[in-house]
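Down below is the structure, laid out as structure tokens.
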């Protein structure tokens, strides 16, 4: 069944929803690293920042407890 939706509403939902998931990723990294996680901001990467080494972050966290 065809439906219609205002484009502005769709775009608003799209951006709000991705913000929700980015917040979830930030929370998970906070738990895994035990502190402030690295930046997940696209602008940081576009301006020459490096992507976080997530394997190193979680590896250090797992073995520092023992």
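In this note's numbering, the protein residues as written are 47 to 112. Don't be surprised by glycine CBs; every beta carbon is placed ideally from N, CA and C.
Where residue i sits in the DSSP three-state scheme
i, result
"residue 101", "helix"
"residue 52", "coil"
"residue 95", "coil"
"residue 81", "coil"
"residue 86", "coil"
Close Cβ partners of residue i (< 6 Å) along its chain, the five nearest in sequence each way excluded
i, result
"residue 111", "Caution applies to residue 111, whose pLDDT of 45 falls short of 50 and renders its modelled position unreliable; the value that the coordinates give is listed next. The answer is none, since no qualifying residue turns up."
"residue 85", "none"
"residue 93", "none"
"residue 69", "none"
Proximity winner among the options, relative to residue i (alpha-carbon distances)
i, options, result
"residue 101", "65, 61, 79, 68", "79"
"residue 88", "77, 51, 57, 65", "65"
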